[in-house]
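Here is the structure we will look at.
Number of protein chains: 2
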Amino acid sequence: MTAPVRSLRADARRNREAVLDAAAELFARRGDAVQMDEIAERAGLGVGTLYRHFADKRALLAAIIGRRFEAITGLARAADEAEDPWVAFETLLYGYLESAEADAAFRFALLGPEEPSWNDIAAEKTDFSAITERIVRRAVDAGRLRADFRADDFVLITRGAMANMTGAGAWRRHVMLVLEGIRGSGAAAGDV
Amino acid sequence: MTAPVRSLRADARRNREAVLDAAAELFARRGDAVQMDEIAERAGLGVGTLYRHFADKRALLAAIIGRRFEAITGLARAADEAEDPWVAFETLLYGYLESAEADAAFRFALLGPEEPSWNDIAAEKTDFSAITERIVRRAVDAGRLRADFRADDFVLITRGAMANMTGAGAWRRHVMLVLEGIRGSGAAAGDV
DNA sequence: CCTGAACCTGAACTCCGGTTCCGAATATGG
DNA sequence: CCATATTCGGAACCGGAGTTCAGGTTCAGG
Chain A
1 MTAPVRSLRA DARRNREAVL DAAAELFARR GDAVQMDEIA ERAGLGVGTL YRHFADKRAL
61 LAAIIGRRFE AITGLARAAD EAEDPWVAFE TLLYGYLESA EADAAFRFAL LGPEEPSWND
121 IAAEKTDFSA ITERIVRRAV DAGRLRADFR ADDFVLITRG AMANMTGAGA WRRHVMLVLE
181 GIRGSGAAAG DV
Chain B
1 MTAPVRSLRA DARRNREAVL DAAAELFARR GDAVQMDEIA ERAGLGVGTL YRHFADKRAL
61 LAAIIGRRFE AITGLARAAD EAEDPWVAFE TLLYGYLESA EADAAFRFAL LGPEEPSWND
121 IAAEKTDFSA ITERIVRRAV DAGRLRADFR ADDFVLITRG AMANMTGAGA WRRHVMLVLE
181 GIRGSGAAAG DV
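Top to bottom, those sequences are chains A and B. Using full-length UniProt numbering, the letters of the first sequence map in sequence onto residues 1 to 192. Using full-length UniProt numbering, the letters of the second sequence map in sequence onto residues 1 to 192.
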């Protein structure tokens, strides 16, 4: 893994942080497309140093994404504090999506297929899923979400919104449509 | 452009078709990820021949995508024949999405950012947009879609569905949720 | 301070996939 | 059937991006 063991030399620890910071910044802005040389330059280091701290590019990416996942999990935990189930749900939904909007790498991880290298993140992911599941259940039980709404549906909805994160705030419109519903009120609403 | 002019030698025309067929097949299955050598092999030709008929990989991809766009436009035209505005809308929606499901290259073109090389396709795209706009308007006028539904929203919805085309038929569930609405009936439906 | 281990550098290497190019093969018109 | 323009084949070429490695440099403990 990438787990930093005991006792890094002072400069090594410092450089490691610099790499992480530079990578976070660049990956957030341009996702997988940034190249190792850029990260090195931005960190004021040589490429070799990146490889001293991370096995390869994917490991570095995984580290960054892991961070985001922790943040998101905290956010979910906070959302679950809300007494109103609907508020909790909306807080989670928008928090999640705003994070995704702000970070192309996060989006990349969420939209792409499962990578075996994301394995380090599995634990964090499980935590997040558990909280999501609870929040969804609360909203369903309160009748604020349709009775058959599942936690998997949260994934569907968010993937849909993320696919609309091109340029302007189109994704907010998308979410609005999903939340309010597409149908008009002028005719039978039961036919599908 | 890629427009085949007058009088190709017989074998040239035949090979051109072979290239197109092979490319269509492979691009449909694996999108942009297929490589020129594979297409050549599948067509039973040398790579050089691909480049005799198409300037580069993107031109070939554009040709394939152009084909799909024609097909889709025909499909939209057919959908517009339906007297019931909702049926027309649904037919368009599902036809579009099933085409996308069957063709990774099409999805690639639809989900990715605007490529300058897709310019050949612009005309076809305009046709399709016009028809979509008409179908949406009909559904709105009939009160089957919410009054402020725009043709742009069709794009949002379909992008959302396409983002859920991973493996199983998850996208159908997504569309179902969007069409039927997310909200439960147990509580105030007016808060957002 | 001195020394060895840990660390850093960045030019060079490797791999990968698109693209080129020219001799060989083939179609077509006379 | 011949001459010639067209077309084909596919090995070689090339540029880009990740990765390595042979030194030089810096830290930390004695």
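Ideal Cβ positions, reconstructed from N, Cα and C, are used throughout, including at glycine.
Candidates 102/B, 112/B and 179/B: closest to residue 30/B by CA position: Within the second sequence, numbered from 1, the residue matching residue 30/B stands at position 30. Closest in alpha carbon position to residue 30/B, among 102/B, 112/B and 179/B, is 102/B.
With a threshold of 16 other CB atoms inside 10 Å of the CB of residue 160/B, please say whether the residue is buried or exposed. Taking the first residue of the second sequence as 1, we reach residue 160/B at position 160. Residue environment: residue 160/B is assigned as buried (16 or more neighbouring CB atoms within 10 Å of its CB, all protein chains considered).
Under 8 Å, CB to CB, which of the residues in the segment 111–123 of chain A have a partner in chain B? From the segment 111–123 of chain A, only 111 and 113 have a Cβ closer than 8 Å to chain B.
Closest residue to residue 26/B among 179/B, 138/B and 41/B (Cα-Cα distance): Translated into the one-based positions of the second sequence, residue 26/B becomes position 26. Residue 41/B is the option with its Cα nearest to residue 26/B.
So for residue 61/B, helix, strand or coil by DSSP? The count along the second sequence starts at 1 and reaches residue 61/B at position 61. Helix, per DSSP.
May I have a chain-ordered list of the alpha helix (DSSP H) segments no shorter than 4 residues that lie completely inside the segment 129–162 of chain B? Counting only runs of 4 or more, we get 151–162.
With three or more beta-carbon pairs closer than 8 Å as the criterion, would you say the segment 89–100 of chain B touches the segment 14–22 of chain B? Counting C-beta pairs closer than 8 Å gives fewer than three between the segment 89–100 of chain B and the segment 14–22 of chain B, which falls short of the contact rule.
So which of 122/A, 183/A, 11/A and 39/A has the shortest CA-CA distance to residue 73/A? Within the first sequence, numbered from 1, the residue matching residue 73/A stands at position 73. Measuring from the Cα of residue 73/A, the nearest candidate turns out to be 122/A.
Counting along the chain, where does the alpha helix (DSSP H) carrying residue 101/B start and finish? As a working note, residue 101/B is residue 101 in the second sequence. Counting along the chain, the alpha helix (DSSP H) containing residue 101/B begins and ends at 85–102.
Any idea which residues DSSP pairs residue 77/A with across the strands? Numbered from its first residue, the first sequence carries residue 77/A at position 77. DSSP, once it has assigned bridges, lists no residue as partnering residue 77/A.
Can you pull the chain A neighbours of residue 164/B, defined as C-beta to C-beta under 8 Å? Taking the second sequence and counting its residues from 1, the one referred to as residue 164/B is at position 164. The contacting residues are 156, 159 and 160.
Pull the bridge partners of residue 183/B from the DSSP assignment, please. The count along the second sequence starts at 1 and reaches residue 183/B at position 183. Beta-bridge analysis with DSSP links residue 183/B to 145/A.
Near residue 111/A, which residues of its chain fall below 8 Å by C-beta distance, leaving aside the five closest residues on each side in sequence? Walking along the first sequence from the start, residue 111/A turns up at place 111. For residue 111/A, where only same-chain residues beyond five positions count, the Cβ hits under 8 Å are 159, 162 and 163.
Just the chain B side, please: which residues come within less than 8 Å of residue 56/A by C-beta, in chain order? Taking the first residue of the first sequence as position 1, residue 56/A is located at position 56. Residue 56/A does not reach chain B, its nearest Cβ partner there being about 20 Å away, counting only Cβ pairs nearer than 8 Å.
Quick one: Cα of residue 144/A to Cα of residue 12/A, how far? Sequence index remark: in the first sequence, residue 144/A carries index 144 (1-based). Sequence index remark: in the first sequence, residue 12/A carries index 12 (1-based). Between the C-alpha atoms of residue 144/A and residue 12/A there is a straight-line separation of about 51 Å.
Cβ closer than 9 Å: which chain A residues qualify as neighbours of residue 179/B? As a first step, residue 179/B is located in the second sequence; it is residue number 179 there, counting from the start. Residues of chain A passing the Cβ test: 181, 182, 183 and 192.
Residues of chain B with CB closer than 7 Å to the CB of residue 170/A, please, in chain order. Counting from one through the first sequence, the residue named residue 170/A turns up at place 170. Correct list: 156.
Mind listing the chain A neighbours of residue 107/B? Cutoff is C-beta to C-beta under 9 Å, in chain order. Along the second sequence, read from residue 1 onward, the residue named residue 107/B stands at position 107. Under the 9 Å cutoff, chain A gives no residues; its nearest Cβ is about 11 Å from residue 107/B.
Is it the case that the Cβ atoms of residue 85/A and residue 138/A are separated by a distance below 7 Å? Sequence index remark: in the first sequence, residue 85/A carries index 85 (1-based). Sequence index remark: in the first sequence, residue 138/A carries index 138 (1-based). When the beta-carbon positions are compared, residue 85/A and residue 138/A come within less than 7 Å of each other.
List the residues of chain B whose Cβ lies closer than 9 Å to the Cβ of residue 153/A, in chain order. The residue you call residue 153/A lines up with position 153 of the first sequence. Chain B residues near residue 153/A: 173, 174, 177 and 182.
Counting along the chain, where does the alpha helix (DSSP H) carrying residue 14/A start and finish? By 1-based counting over the first sequence, the position of residue 14/A is 14. Start and end: 10–30.
Take residue 135/B and list the residues in its own chain whose beta-carbon comes closer than 8 Å to its own, dropping the five residues that flank it on each side. The residue labelled residue 135/B in the question sits at position 135 within the second sequence. Excluding sequence neighbours, residue 135/B sits near 76, 79, 80, 85, 88, 89 and 92.
Please list, in chain order, all residues of the same chain as residue 119/B whose beta carbon is under 6 Å from its beta carbon, the five residues on each side excluded. For this step, residue 119/B is matched to residue 119 along the second sequence. Closer than 6 Å at Cβ, skipping near neighbours: no residue.
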